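Residue numbers (this note's numbering), protein chains in the order written: chain A, 1 to 418; chain B, 1001 to 1303. See below for the structure under consideration.
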């Protein structure tokens, strides 16, 4: 870049900066849309439903404590707070509708269980709620089934444990014998419980893959689309700036300076890159703060957004300069914005569109570039795979259009002086 | 300094510039006159490198505009008819922009900006946005942008259109200063009095071709120092033969124009010839550039 192009870029940035409302609208409108859409869809980042499970433990045994503890731990802990209550308090709270469910473990629960006698766990659900009480019911059914199977398989061992607990004596020899007995029983049933075709390592892989996946919610799904909408707004505004420069006489006058319109166009390209960089930096800061975008991806994402912005700008500029007047250019660019934003996945994520429309959108320049960044940002795909072809195609499109647009800018300058 | 040889520009069948040739020397102001659509803009656009001529050679300070365009344009300043300013920048910022576009920078640029601001009388308003300027101030700034790089050749395309008298004086004085500094200036204007005051030589273009060229004195001599008499009335009942002693420019049922030497002394005699024509208006244009222009082109300059 020489001095002329730097001057043109610097003054263009200065003018955009002075016209702050334009810049603000590029940023604020898409972000507002994401928040609104996110709210309308229930909010991907809104807190999960959380309920209260009351427990009245009349047995106060090891087994009953284990059962209560299992509700308040692991994945269910995200959904429930377990509160130990007396029978009367449980009754009062349930009547007041202040809990999702109430579990009551009867006296002698552990003894009856270990002695293979029928025993009861009472569950009372809050009829005003649907999901959470049913989750408690299902969880309890699974536990009861598991307890049944344990009773069938390890009846003797459980009996021996019971004796140890009652007596409070834990003899080493008894413990070894108990351990060996459990091991033998497990070995006996292994062929039934763990069919050889299901391999443990496969299971571990799946677990790891799931853990590596970022949190997938509607707002995060919308966010890249909103960023692209900002790029679209910025590109639209900058594609019309050439008509302004024609109208205010800058274009034809620059055409007769020593370095002419080529430097002007390079300067305008530098200005566009600077504006896309500013836009991307601000939006990605919001992304990191609110949408938990991976910070380590930031440099790559920002470079990609600037690149995408330039491609989109060149496309809109092509349509703009193809028109015979500013008015018609304005109409065409505005008309192009809506389908580009809609089909390209800026208003609605491609994931929520009909398959045909999503496919069509992926052929649009913004749709293609957006899909690539989403693959990296949301789906955690390796960037080399996700970005390579969109980059090559985008680069080719931008380069070809750059030369065509430069010719059309020259034509615009000649028209202005004739 | 500025040399145009056999410039021709065609758009298909239309000839916008037809074998135009002239030279402008250092320290000379050359007026380019012609009615709208005569070919002035085409000539200026070719001269500034915006249009490529169909044939012919154009050079500025010895550099061909086509072929050595960058060098030629370094010596050229253009004051376009339409303003070419960023209204949302200040006057100084606009000058900075155009100065850098012509390769100036640093302290040299700042010094030149101060000089031209003083020259066009905008030093006090240099930090204000151009959108707050009056029309005349914008015209002065527009002019200042073109002379920042001290061009050896300057094209002024109707620089005083819509300008208040104060700004007009500023601009015309600035042009004279440039002439004194040795610049070759091409000046186009619809204001004949400006051209008469300012230009050393003129060329009159019509229908793409130069129909007269030379100093104003020479052209006046060509015309024979005749005055143009214009009468308005009803001339449908008399014959054009009544004016056989005069050089008739135009004869219509409601208007007659003809050339006459020493019109003031012959006016009563002439009016006698048209006593039955219900004369409503009589005007005499003394031999000047405008009457010369009408004689050559058959049209007023603003037509």
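Ideal Cβ positions, reconstructed from N, Cα and C, are used throughout, including at glycine. Keep in mind that this is a model prediction, so the values were computed, not measured.
- Membership of residue 1272(B) in the alpha helix (DSSP H) is indicated by the continuous run 1263-1273.
- Pairwise C-beta distances place the segment 238-246 of chain A in contact with the segment 318-331 of chain A, as three or more of them are shorter than 8 Å.
- Residues of the segment 252-264 of chain A with a C-beta atom less than 9 Å from some C-beta of chain B are 252, 253, 254, 255, 256, 257, 258, 259, 260, 263 and 264, listed in chain order.
- When only Cα atoms are considered, residue 1155(B) and residue 415(A) end up about 19 Å apart.
- Listed along the chain, the chain B residues whose CB falls inside 7 Å of the CB of residue 234(A) amount to none; the nearest CB is some 18 Å away.
- Here residue 276(A) carries a helix assignment [DSSP, helix/strand/coil].
- Residue 232(A) and residue 366(A) do touch by the CB rule: their CB atoms are close to 6 Å apart, below 8 Å.
- Distance from the Cα of residue 64(A) is smallest, within the candidate group 146(A), 94(A) and 109(A), for 109(A).
- Excluding residues up to 5 positions away in sequence, 254 lie with their Cβ nearer than 8 Å to the Cβ of residue 260(A) in the same chain.
- In the three-state scheme derived from DSSP, where H, G and I count as helix and E and B as strand, residue 1032(B) is classed as strand.
- With a cutoff of 8 Å on beta-carbon distance, residue 143(A) and residue 67(A) are scored as near each other.
- The beta-bridge partner set that DSSP reports for residue 1023(B) consists of 1003(B).
- Sequence-ordered contacts of the segment 1081-1093 of chain B with chain A read 1082, 1083, 1084, 1085, 1086, 1087, 1088, 1089 and 1093 [C-beta pairs closer than 8 Å].
- Residue-level contact by beta carbon fails for residue 269(A) and chain B, as no gap is shorter than 8 Å.
- For residue 1066(B), the secondary structure class from DSSP, reduced to helix, strand or coil, is coil.
- Residue 1289(B) sits buried, since 16 or more C-beta atoms from the chains shown fall within 10 Å of its C-beta.
- Under the three-state reduction of DSSP output, residue 398(A) falls in the helix class.
- When DSSP assignments are scanned along the segment 225-311 of chain A, the uninterrupted stretches of alpha helix (DSSP H) that are 4 or more residues long and fall wholly within it turn out to be 250-255 and 260-290.
- Interface annotation, residue 1049(B): in contact with chain A, CB-CB separation under 8 Å.
- Residues of chain B with a Cβ closer than 8 Å to the Cβ of residue 249(A) are, in chain order, 1080, 1082, 1083, 1084 and 1085.
- Between the segment 1036-1055 of chain B and the segment 220-234 of chain A there are fewer than three C-beta pairs closer than 8 Å, too few to call the two in contact.
- Less than 8 Å separates the beta-carbon of residue 1023(B) from that of residue 1003(B).
- For residue 1260(B), the pairing in a beta bridge is given by DSSP as 1227(B).
- Between residue 100(A) and residue 136(A), the C-beta spacing is below 8 Å.
- Residues of the segment 274-296 of chain A whose Cβ lies closer than 8 Å to any Cβ of chain B: none.
- Residue 50(A) is classed as exposed because its beta carbon has fewer than 16 other beta carbons within 10 Å across all chains shown.
- Within chain B, the C-beta atoms nearer than 9 Å to that of residue 19(A) come from 1088, in chain order.
- For residue 357(A), the enclosing alpha helix (DSSP H) starts and ends at 355-363.
- The beta carbon of residue 94(A) sits closer than 8 Å to the beta carbons of 54, 102, 124 and 126 from its chain, once the five residues preceding and following it are set aside; these are given in chain order.
- Residue 302(A) has its alpha-carbon roughly 43 Å from the corresponding atom of residue 1052(B).
- Within the segment 1053-1071 of chain B, 1069, 1070 and 1071 place their CB atoms closer than 9 Å to a CB of chain A, listed in sequence order.
- Taking a Cβ-Cβ threshold of 7 Å, the residues of chain A close to residue 1105(B) are 3, in chain order.
- Taking a beta-carbon distance threshold of 8 Å, residue 1101(B) counts as an interface residue toward chain A.
- When DSSP states are grouped into helix, strand and coil, residue 16(A) belongs to the helix group.
- The beta-carbon distance between residue 1210(B) and residue 1020(B), rounded to whole angstroms, is 6 Å. This is short enough to meet the 8 Å contact definition.
- Collapsing the DSSP output to three states places residue 149(A) in a helix.
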